[in-house]
Every structure is written in structure tokens, then in C-alpha cells.
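Down below is the structure, laid out as C-alpha cells.
Protein chains: 2
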Amino acid sequence: MPLIRSWVRPANDPEGSFPLNNLPCGVFSTPGTAPRCGVAIGDSILDVAAMEAAGLLPLAERPVLGEGAWNPFMALGPAAWERLRVLLYGHLAEGAVTAGVVAPFLCGMAAARLHLPFRVAGYTDFYAGRHHAMNVGTMLRGPENALPPNWDHMPIGYNGRASSVVVSGTPVRRPWGQIRPEGAATPLFAPSRRFDLELELGAVVGVPSSGPVSVARAEAMIFGYVLLNDWSARDIQAWEYQPLGPFNAKATATTISPWIVPAAALAPFRVPGPERAVPLLPYLAEPHPMTLDIALEVALAPAGQDETVIARTSARNLWYSFPQQLCHHSTAGAPMQTGDLLGSGTISGPGRGERGSLLELAWGGREPLDLPGGQRRSFLEDGDTVSLRGHARAGGVRIGLGACTGTILPAAEEPFGGGQ
Amino acid sequence: MPLIRSWVRPANDPEGSFPLNNLPCGVFSTPGTAPRCGVAIGDSILDVAAMEAAGLLPLAERPVLGEGAWNPFMALGPAAWERLRVLLYGHLAEGAVTAGVVAPFLCGMAAARLHLPFRVAGYTDFYAGRHHAMNVGTMLRGPENALPPNWDHMPIGYNGRASSVVVSGTPVRRPWGQIRPEGAATPLFAPSRRFDLELELGAVVGVPSSGPVSVARAEAMIFGYVLLNDWSARDIQAWEYQPLGPFNAKATATTISPWIVPAAALAPFRVPGPERAVPLLPYLAEPHPMTLDIALEVALAPAGQDETVIARTSARNLWYSFPQQLCHHSTAGAPMQTGDLLGSGTISGPGRGERGSLLELAWGGREPLDLPGGQRRSFLEDGDTVSLRGHARAGGVRIGLGACTGTILPAAEEPFGGGQ
Chain A
1 MPLIRSWVRP ANDPEGSFPL NNLPCGVFST PGTAPRCGVA IGDSILDVAA
51 MEAAGLLPLA ERPVLGEGAW NPFMALGPAA WERLRVLLYG HLAEGAVTAG
101 VVAPFLCGMA AARLHLPFRV AGYTDFYAGR HHAMNVGTML RGPENALPPN
151 WDHMPIGYNG RASSVVVSGT PVRRPWGQIR PEGAATPLFA PSRRFDLELE
201 LGAVVGVPSS GPVSVARAEA MIFGYVLLND WSARDIQAWE YQPLGPFNAK
251 ATATTISPWI VPAAALAPFR VPGPERAVPL LPYLAEPHPM TLDIALEVAL
301 APAGQDETVI ARTSARNLWY SFPQQLCHHS TAGAPMQTGD LLGSGTISGP
351 GRGERGSLLE LAWGGREPLD LPGGQRRSFL EDGDTVSLRG HARAGGVRIG
401 LGACTGTILP AAEEPFGGGQ
Chain B
1001 MPLIRSWVRP ANDPEGSFPL NNLPCGVFST PGTAPRCGVA IGDSILDVAA
1051 MEAAGLLPLA ERPVLGEGAW NPFMALGPAA WERLRVLLYG HLAEGAVTAG
1101 VVAPFLCGMA AARLHLPFRV AGYTDFYAGR HHAMNVGTML RGPENALPPN
1151 WDHMPIGYNG RASSVVVSGT PVRRPWGQIR PEGAATPLFA PSRRFDLELE
1201 LGAVVGVPSS GPVSVARAEA MIFGYVLLND WSARDIQAWE YQPLGPFNAK
1251 ATATTISPWI VPAAALAPFR VPGPERAVPL LPYLAEPHPM TLDIALEVAL
1301 APAGQDETVI ARTSARNLWY SFPQQLCHHS TAGAPMQTGD LLGSGTISGP
1351 GRGERGSLLE LAWGGREPLD LPGGQRRSFL EDGDTVSLRG HARAGGVRIG
1401 LGACTGTILP AAEEPFGGGQ
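As they're listed, the protein sequences go chains A and B.
Numbering-wise, the first sequence is residues 1 to 420 according to my numbering.
Numbering-wise, the second sequence is residues 1001 to 1420 according to my numbering.
Written as C-alpha cells, this is what we have:
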């Protein structure tokens, strides 16, 4: 796969994240300016909102990039998405005649603040990682009964809380909640002691729908992908989740990376899905490979210390692709909306160092993780910073997903202090 | 409780739904006009959007009633909500000096089409009806283990799909989904055969929050209440719901009544909650009674036939009040938003005729319900029309909640027909 070279020189760095092949979509601001749409290129952000306003990016009859969220553009659909890429190739490729006109619209990434790149309409979290489901199921029910009987037939999912999705860099305050200590008859109301991370990918729906959509159509509805950390309070979850599923345990925050990497940039990295012993129902069949070959890692840094990579794995470990997830989501007729976010569920690989949560890495606290400096972790401690990273690579092209980072703040002393 | 008499005579009917004490908020349109905010009074709708535009309802610096959803007004908070009521009392009460000015803003209800009264930001469904939880739990696990151990300690809830909330009158198409027939090893993809209704109340959040809120503060955040039918595909639910809860089974549609009855109109009908054998954790304590004394009923009409009331019960059967639900929802830090909708969960009473779902009324299909004309029902059939109704009454005042109605359409022949 060839690198498309750019006159923005850092974009040609083979170890960089944002070559011209990528063109991920974010929302940025600089001191004194309003958040607006930008596209990452090398170490810069191209102010596509300003370019559109200047007539350099004719995308639609009305401006679609000026309002601080990619939703209006995403709603235009795949033809417009492709048009933006083609226009930007023309402006940014090596030798572009418009280089001199476009250069003033570049902003150094270091000077910019990044915001949530889209308004999250709905947030759904799936459970599509087989090793994760096996690990968690084994801890709870033993290896023979690890997977529930429906697991091999459908991408299990649940609705999350869209209002709690935040952009990378937002601190995450340890939640309070109902917790029943082991052996106790009744619960306490206390700060979570088993607060965890979850390594996930997220798909961003661009095109809305109003009824069941096929796997093929679902793929064409997905605008792009982000990294996603679905922070999870395991002790709150253990007590609350029967019979209606996770609720407050997942409601504190879900952090996403600030750059939506377009589906078009990741299309070359689609690979066949897993070999299945249990055949899928026909409606979930993929017309072509849809699993994403993206390398993923999790790093953890205790307060004031260097980070350690605690897990490395691949999105190839997902048992159900995002188009399969989205198709299944739509089967009962639920409308899908521009700005819907689908989390994959935690992505773990088969090896111990490939597990996408502390619950798995430290096996429920039974095998704490040793970090440099004498630190040990079963779950997250106050001050810990978690960073998810991901990239796809082929030939000389590296498509980076940016970073998805959050630091744990201590629990509030009095949770109802604010305006009771 | 005294009736506030109005010069809009039908509003004084003691058996009517919309006296001046009520003033419920809807969105309406007439042929050729755009949806806009209206308030029901007697058999008419007061075009409060037009009144605001004409300067007769000064509520905020900018117009808040013109855009076809009550969200901008709801976000203003309780002082503005009270101001609107006071202004409308002034305009609509018997002897109002502005009666002549206001009369042209009345529109006959029969001539209007009603729309969803607010943009649903998030939709959460609780499980706060104890008799319902007991009935369902008894069917699944026997009476000794009917309630999960957390049930007496917290209002259990799960996130629903906001995009599938529709207004009363919208037809509901029987969904397809994965279903595992009894005794089968593998699932089918087929139309649901156990499609059901759920009688619920819904609370509409007006004031947003950004961290945990107390029960007292939660009560002040609630703008008003609607009737809510959480259509449920029991066969899809039975197969999909472990371990992450209901998903597609609840995603086809959730129907709400078109009129948001203001919390202020229902405040006189707050009564003490249930006597509890198990004490609640202090954070869930109510500073004053918050259970709503609202009479509820469910009517079912087979295609072309008269309806039969199949259940009568009361919202007093809710074990957790809406402020308790909202407080619990917020404890882990999830932001609450203007337009969040909280469903109570199915409301059933102790008697057989007080059950708020067909699952309970026909006891899982074991005791089918006999209707006039030789019809029997275990679950809904195509062409059935379900209507929920509710009212609170004291002295000469009857506060009606309007109707929450939906007719079942047959399943699509080919669910992926639309644009595969």
C-alpha cells in the first residue's frame, strides 16, 4: 500500500500517525476561537471549517464544517465523504498547485485544544471480543460455561449512556455507587474500589436509517472509527447487573480518541473474520471481509511516573465486525442516527499480555500486575493515567488512531455536595 | 383540591382531562403549518408558540416555544415553568381581562396533529414496579427467588434506545429478531411471536446536571410526566438478555402520550411510598412523599372491534419514586440532560386484573385472556390497538394524562428489503 506523499513534510514520516492516507476528522480550537472541524495532517490540523468558509471545500449547499461537530457532514453520506478526501488529496499532495493557498489554514497541533469530534446521538456497547468474553465468563462461571449460549449466534450488546462520552484528556472521577462487599448481606454506598479500563474500538454512524439494514448497508453507514475506553466500576457492576445488565457501572465516563479515522482510510486493512465452528444465521453473513487489522495497546502511568505498556493486542480478535454489530442492532426496527457510537466491547487476545482490561490482566485481583518502581495494580488507583493507542500498517503507510487518555481523579468526598 | 375555572368552558368539565389545573405541554400542527408548542385546555390547544411570538408570553430573552419541541423551555428550569403557569392562569381563568386577545390562539384539538412533545435526549427504563418484578420473577424462577437480591436496595434500570421513542398514534411494526424456540438448540431469525405491551409512566427531565444529584434536587429537575408503553418482544428478550440485559427486544418502539403533564399539576397527588421491610440506603431517602397517586388502565381493541379494558391499576404500586430513580441514575456521575426520559418499568398491582403487561395478564401464555367476540390473547396480534390511559383525581379536579395508543402492524415480509 503506497504512501500518498504530502507537501506537509511531517505527514510523510513512516512512524507518524497522520499521513495523507489517513485524514482523520476532529474538532479543535485555539485560544480565543470557537471549536470547529479540522483534519489532522502530519503534526498539524487543517482548518477545514475556515477553508469551507473561504470557498476552498465545496461540499454542500450550506456550510457543514463550521459548527463544532462533524454530524452535519457525516449526515451527507459516503459520496460527500469521498468528495472531501479527493479535495484534500488535491490540496495536500506533494506538488499541489494550491499549496500556497492552503498553507495558511494549517495550525500546529501543539497549539490546539481538541474537543469531542461529534455529538453522540446514541451510545451502544457490544461484547464482541471472544477472548474477553471467555476470560470474564471463566472467572465468573468456570471455563465450561464461560460463554452464554447466545454468544456464538449474535453480537450481544447493550445501550450505554451517550451523555457520559468524553474526549481524550478529560479527567475521570472515581464514582460512588452501591457495592456489596464479599460476604456482606447488604450493600454500602461508597466509592468504587474496582475501577477498571476497557480497551475498545468505536464505530461512528454517519448515515441514519429507519428500519432493518443489511450487513452490507451497515458498512456503508459507518463514517469512521475511534479508540474507546469504557471505564467500568466492577464492584458496582457485580451488584447491579442482574437482571437488566450494566448501568451505573458504565455511566461515569466513556473516553474516545479525538480523531475519527475515516472508514475509507481503514478499508485497506479489512481482513477475513474468525473461523467459526458455529455457523451464523444468514442475515449476519458478510459479503466481503470486514474485520479490521488494527494493532492496539494499553499503557498505564501511575501519578508522576513513566508509563508501562500493559497490553498489546489486535482488533482482529473481534468475533463480530462493526457492520455485523450495526446490522444486528437494527433488526428489530430501531432507527440508527447520525452520531451513534458503537463500542466493540473489550478487545483481548489469547495471551496474558493481550488482555484489554485490568480485570483480566490481574485475573480479578488474584494475580496483581507488577509495574516498575514497586507498583502493583489489580484495579486503577487515583492518579493513574491510562492511554489507549492503535494503528494499522501496511507497506510504508501507518494509519494512527491518535491517543485515548484519561487520568483518575479521587472520588468526591461528598457526592451530593453540588447543589443539594 | 379546587378546580380553577376557565372561560374555555370545556375545561371545567369534571370528567375532562385538561382543566386549567393541568396545562399539559404538547407539540401540534394543523394542515400547512409547522409543528410548534401548544398547551391543552379543555377540548382545545392554546398556540403558546404564537402567543410568545406576539409578546403575550414573555418567558426568556429569546423565543423558546417556536421550534417544535419543549426542550428549550424545559432547560430554563422551575422558575420559568412556574412563570408560564402563572401567565396562563392569568390569560385563561374565568373573567380574565385578556380573554378576547387570547381566544384567537385557541385551536380545536380535533383539527390538530400531535407530535413528539420533546426531543428525547436519553431514554432509561427502570424496573420499579414491585408486583411486576414479582410476577415476572415468579414465572422465571419461582416465588422464593422472584426478586433479585439487589431489588430491595436500588431502583434497577437499564438504558433504552432514545431513537425508538414515538408519539401516541404511531403504528408499531412487529419486529424480526433472533428467537430460540423452546427445546431448540439454535435460534431462528423470525418475526416475534410474543410481542407485548408494558404499562408505564415516564418522567421527562428538564434541568440538566453534571454530577450526582440528591433525591430532592432530582425532583426539582423533572419537568413532567407522560404515559409510556414500552413494547417488548418477549421471545427476543428471553434469548438475548443474558448477560447484558434487554436490547433489541425493547428497540422496536416506545410510545409516549403526546402531552407532558407538568410536575406542578401532579404535585398535589404525591403520596407516601410503600412500607419497606428492607431499609433504603440514606442517599435514597425522600424528604417528603414523592409517589404519584395516578389511576392507570390498559385497553385492547382487536382489529375492527371495540376495546376492552384489560387492566386497571395505580402508579402507587411503584416501589421507587421518579426522584429516587433519577438520583440513583446520577450517582456514578452520568450527566443528565434536558429531554431525558425515564420509564418507571411496568406498573402492576397485586390483583390479577391489575397487571400491566400481557405476559403477566396471561401468565406467560398459560392463562390466555378472554376478550368479547371469542377473541383470546396471550400476546398481541396484528391489528390490535393498545391504549394506555391515566388520570389523577381529587375533589372536583381531574388531571388527565391523555392517551398513549399504538396499533400493531404485521411484520415485514423481508426485513432487509429497504435498500440492501
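Every residue gets a Cβ at the ideal spot worked out from N, C-alpha and C, and that includes glycine.
Note that the structure is predicted; figures quoted are calculated from it, not measured.
Interface residues of the stretch 161-174 of chain A facing chain B [CB-CB below 8 Å]: R161, A162, S163, S164 and R173
Among T331/A, A392/A, P208/A and E144/A, the one whose alpha carbon lies nearest that of V261/A: A392/A
C-alpha distance - A103/A paired with L1409/B, whole-angstrom precision: 57 Å
Proximity test, Cβ basis, 8 Å: H1436/B and chain A: With chain B covering only 1001 through 1420, there is no way to say anything about residue 1436/B.
F1322/B (DSSP reduced to helix, strand or coil): helix
Per-residue contacts from Q324/A into chain B (C-beta, under 9 Å): Close to Q324/A, with beta-carbon spacing below 9 Å, lies no residue of chain B; the smallest spacing is near 13 Å.
CB contact below 8 Å: G343/A versus chain B: no
Expected contact under 8 Å - CB spacing of Q1325/B and A1128/B to nearest Å: Their Cβ separation, rounded to whole angstroms, is 6 Å, which keeps Q1325/B and A1128/B in contact under 8 Å.
Where E240/A meets chain B, residues with beta-carbon distance less than 8 Å: N1150, M1154 and I1156
Residues near E87/A in its chain [Cβ-Cβ closer than 6 Å; skip 5 each side]: For the sequence presented, residue 87/A should be read as Leu rather than Glu. Result list for L87/A: L57, in chain order.
Cβ-based burial, E200/A [other Cβ within 10 Å; buried from 16]: buried
Min CB distance I236/A to chain B below 8 Å: yes
Touch test, the stretch 108-125 of chain A against the stretch 21-36 of chain A, Cβ-Cβ under 8 Å, three pairs minimum: yes
Beta-carbon proximity check, P175/A vs T252/A, cutoff 8 Å: yes
Which of helix, strand or coil DSSP assigns to S314/A: strand
M1139/B versus A1403/B, E1360/B and L1371/B, residue with shortest Cα-Cα distance: E1360/B
Residue interval of the beta strand (DSSP E) (run including F223/A): Unbroken beta strand (DSSP E) run through F223/A: I222 to N229.
Closest residue to T1405/B among G1396/B, E1286/B, T1255/B and P1335/B (Cα-Cα distance): T1255/B
The stretch 1017-1026 of chain B / the stretch 200-209 of chain A touching (three or more Cβ pairs under 8 Å): no
I1156/B to I1236/B span [Cα, whole Å]: 21 Å
CB contact flag (Y320/A, G1245/B, <8 Å): no
Coarse secondary structure for P191/A, derived from DSSP in three states: strand
Pick from T291/A, V48/A and W81/A that is closest to G68/A, judged by C-alpha positions: V48/A
CB of P335/A within 8 Å of CB of S1163/B, strictly: Yes, Cβ-Cβ distance for P335/A and S1163/B is below 8 Å.
Chain A within 8 Å of G1419/B, Cβ atoms only: Low per-residue confidence applies at G1419/B: pLDDT is 42, beneath 50, and the placement is therefore not dependable enough to give any value.
Test: P415/A CB closer than 8 Å to a CB of chain B: yes
Chain A within 8 Å of T1138/B, Cβ atoms only: no
Spatial distance of A184/A from S378/A (CA atoms): 21 Å
Chain-ordered neighbours of T1030/B on chain A, where CB pairs are closer than 9 Å: Chain A residues near T1030/B: none, gap ~25 Å exceeds 9 Å.
Cα-Cα separation, H131/A to D293/A: 16 Å
Outcome for A1435/B when other beta-carbon atoms lying within 10 angstroms are tallied against a minimum of 16: Residue 1435/B is absent from the structure shown; chain B starts at 1001 and stops at 1420.
Endpoints, the alpha helix (DSSP H) within which W1081/B is located: Residues P1078 to L1092.
Contacts that G122/A makes with chain B (C-beta to C-beta distance below 8 Å): R1161, A1162 and S1163
CB contact below 8 Å: T331/A versus chain B: yes
Buried or exposed (CB count within 10 angstroms, at least 16 for buried), R366/A: exposed
Test: A334/A CB closer than 8 Å to a CB of chain B: yes
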